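Some notes on the structure that comes next.
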Ligand code: SF4
Ligand code: SF4
């Protein structure tokens, strides 16, 4: 399940084309997931794994329009908030990160559009 506080409203950008790492230090249990070695060789060499994905690069746990492992998704999925990312980083910096391939442009745009839904905005 994605962060329940984000009004994703059918958006599944985070579940497509992203490397969701498993973080033991955040309480993730690797044995509960189908995983691949991380796509970045340096991380894979350290034993870091990411959720397995389908040939179209969508997460193996993505159903027709939402996550199928509600409540059991890894910490990164449960904690990520595109609004918070753009607000804290700043839109210009986030766009630059997207241009470098560090973020998906769609997530930056979506986060910007949803900032007004943050309670502390
Ligand atoms: S980009 Fe934002 S709205 Fe879309 S799935 Fe990710 S967290 Fe949800
Ligand atoms: S585990 Fe669920 S929320 Fe996380 S990327 Fe996969 S489908 Fe999306």
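Numbering (the numbering used here), first residue to last: -12 to 108. Where a beta carbon is used, it is the ideal one built from N, C-alpha and C, also for glycine. Bear in mind the structure is a predicted one, so any value in this text is a computation, not a measurement.
- Collapsing the DSSP output to three states places residue 53 in coil.
- Straight-line measurement puts the Cα of residue 16 at about 12 Å from the Cα of residue 37.
- Along the length of the region -8 to 45, whole alpha helix (DSSP H) runs at least 4 residues long occupy 28 to 32, reported in chain order.
- Between the region 77 to 92 and the region 22 to 29 there are fewer than three C-beta pairs closer than 8 Å, too few to call the two in contact.
- A direct Cα-Cα distance of roughly 22 Å separates residue 62 from residue 104.
- Membership of residue 98 in the alpha helix (DSSP H) is indicated by the continuous run 92 to 101.
- Here residue 11 is exposed, its C-beta having fewer than 16 other C-beta atoms within 10 Å.
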